[in-house]
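With our numbering applied, the sequence shown covers 625 to 898.
Positions of the beta carbon are idealized from the N, C-alpha and C atoms, including for glycine.
All of these numbers come straight from a predicted model, not from anything done at the bench.
Everything below concerns the one structure shown next.
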Amino acid sequence: MANTNAVSAQDTKAEYGVYNTALGSVAGGIGALINKKPEEKWGKVLLKGLWQGALGGFITHESKVLVGKIGTEDSFAYSWYGKLANSAGNSIVENATMNRNFYDQWNINFGFNRIELHTKDKFKVKYKVMPVSLILTGYVAFQSKFEFEKTLQTGELIFSGARIKTDMDYFGLTIGNVVVMKDGHENDKYTYAHEFIHVYQYYDYNFVNSFLDKPVYKVTDKWFGKANEFIYYDFQGPFLDALYSLGYSSDPDKYYNNFYEREAAIYSSTLTRD
């Protein structure tokens, strides 16, 4: 988050609610068709993917509303409320994109760690590593201090320090799904809310992995064998970074023209803060 007070009064959380719902629906419909079984009718599969994805997208929107209250309500408890809601919403969207029932699998992420709760037929728990997030965590950890207490309080990986260089001043920044707070701002709850929206944006694009699921695992199974069962390929990281870069500007007056920064600022009520 840049240190700027640019304001865009036209934006509302309701508008972003429509966006999140639509994103989940479109992703769910396309993913369901990609992962359709040969004997299934495409119309039925598409409709199922659309409505399930919309449901998950709406819950994702509500999770962002919740996490935005970290600052306005001055409580880290909303980080956990938002995280649980976000995990549910993204799980439903992912189930839609994988052409599953919306309740078949539930996922929750802690940094590069992914916990899967499989509820279809027989309940089981699986642990997986997200390799892109793991690499980014190592990059951040090499240059920053790990904030153990804040990580426990929020459920997100938190670091602090000022050694990571950018072309703008910042109170906090998010690299992938890892948050770095600038020295002196470790207790700034508005900034935490803003950065956690960026973390949620990372998961918004999980559908990229669903679209690529079959070819990716077909290839990597040859390399890693059974170990591949413990890997979730988070290719949405580079994809989201490319989209973010398209709208990025270091000009403070244009900073919030970036869709992803504007969304984070709207939900976290940080547009008017210095």
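**Distance between Glu780 and Asn737 (C-alpha atoms, nearest Å)** = As a working note, residue 737 is residue 113 in the sequence shown. As a working note, residue 780 is residue 156 in the sequence shown. Roughly 11 Å separates the two Cα atoms.
**Message:** Under DSSP, the beta strand (DSSP E) around Arg886 begins and ends at which residues?
**Reply:** Taking the sequence shown and counting its residues from 1, the one referred to as residue 886 is at position 262. That residue, Arg886, is in no beta strand (DSSP E); its alpha helix (DSSP H) goes Phe883 to Ser892.
**Item:** Inter-residue spacing [alpha-carbon to alpha-carbon] between Ala720 and Gly808
**Value:** To locate residue 720, count along the sequence shown from 1; it is residue 96. To locate residue 808, count along the sequence shown from 1; it is residue 184. When rounded, the distance between both Cα atoms is 42 Å.
**Prompt:** Which one or two residues does DSSP pair with Gly673 in a beta bridge?
**Reply:** In the sequence shown, counting from the first residue as 1, residue 673 sits at position 49. Gly673 is not bridged to any residue.
**Prompt:** Closest Cβ-Cβ distance between Leu836 and chain D: below 8 Å?
**Reply:** This model lacks chain D altogether, as it is built from one protein chain only.
**Message:** Within the continuous alpha helix (DSSP H) that includes Gly796, where are the two ends?
**Reply:** Your numbering for residue 796 matches position 172 in the sequence shown. Where Gly796 is concerned, there is no enclosing alpha helix (DSSP H), although the beta strand (DSSP E) it sits in stretches over Gly796 to Ile799.
**Item:** Backbone secondary structure at Ser703 - three-state DSSP
**Value:** Within the sequence shown, the letter at position 79 stands for residue 703. Ser703: helix per DSSP, three-state reduction.
**Ordered list of alpha helix (DSSP H) runs contained in the segment 688 to 759, each at least 4 residues** = 701 to 721
**Request:** To the nearest angstrom, report how far apart Gln634 and Thr761 are at their CA atoms.
**Result:** Looking up residue 634 in the sequence shown gives position 10. Looking up residue 761 in the sequence shown gives position 137. The pLDDT assigned to Gln634 is 48, lower than 50, so where the model puts this residue is not dependable; a value taken from the coordinates is nonetheless given after this. Computed Cα separation, rounded: 36 Å.
**Request:** Would you list the residues sitting across from Val803 in a DSSP beta bridge?
**Result:** Looking up residue 803 in the sequence shown gives position 179. Paired residue(s): Ile782 and Thr798.
**Message:** Short of 6 Å in beta carbon distance, which residues of its chain neighbour Tyr868, apart from the five on each side in sequence? Order them along the chain.
**Reply:** Residue mapping note: residue 868 aligns to position 244 of the sequence shown, counting from 1. Within the same chain, Tyr868 has close Cβ partners Tyr884.
**Message:** Asn644 and Met722 - do their beta-carbons sit closer together than 8 Å?
**Reply:** Within the sequence shown, the letter at position 98 stands for residue 722. Within the sequence shown, the letter at position 20 stands for residue 644. Cβ atoms of Met722 and Asn644: not closer than 8 Å.
**Item:** Asp858 classed as buried or exposed, judged by whether at least 16 other C-beta atoms fall within 10 angstroms
**Value:** Translated into the one-based positions of the sequence shown, residue 858 becomes position 234. So Asp858 counts as buried.
**Request:** Quick one: measure Cβ to Cβ for Gly713 and Gly681, integer angstroms, because I've assumed they're closer than 8 Å.
**Result:** Taking the sequence shown and counting its residues from 1, the one referred to as residue 713 is at position 89. Taking the sequence shown and counting its residues from 1, the one referred to as residue 681 is at position 57. Yes, they are in contact, since the Cβ atoms of Gly713 and Gly681 sit about 7 Å apart, within 8 Å.
**Asked** Is Gly785 closer than 8 Å to Lys769 when the C-beta atoms are compared?
**Response** Within the sequence shown, the letter at position 145 stands for residue 769. Within the sequence shown, the letter at position 161 stands for residue 785. Yes, the Cβ-Cβ distance between Lys769 and Gly785 is below 8 Å.
**Item:** Contacting residues, own chain, Cβ-Cβ under 6 Å from Gly706 (five flanking each side not counted)
**Value:** Taking the sequence shown and counting its residues from 1, one reaches residue 706 at position 82. Closer than 6 Å at the Cβ level, and outside the excluded window around Gly706, lie Ser687, Leu690 and Val691.
**Request:** Classify Tyr826 as buried or exposed, calling it buried when 16 or more other Cβ atoms lie within 10 Å of its own Cβ.
**Result:** To locate residue 826, count along the sequence shown from 1; it is residue 202. So Tyr826 ends up on the buried side.
**Message:** On the criterion of 16 or more Cβ atoms from any shown chain inside 10 Å, does Tyr891 qualify as buried, or is it exposed?
**Reply:** Position 267 of the sequence shown, counted from the first residue, corresponds to residue 891. It counts as buried.
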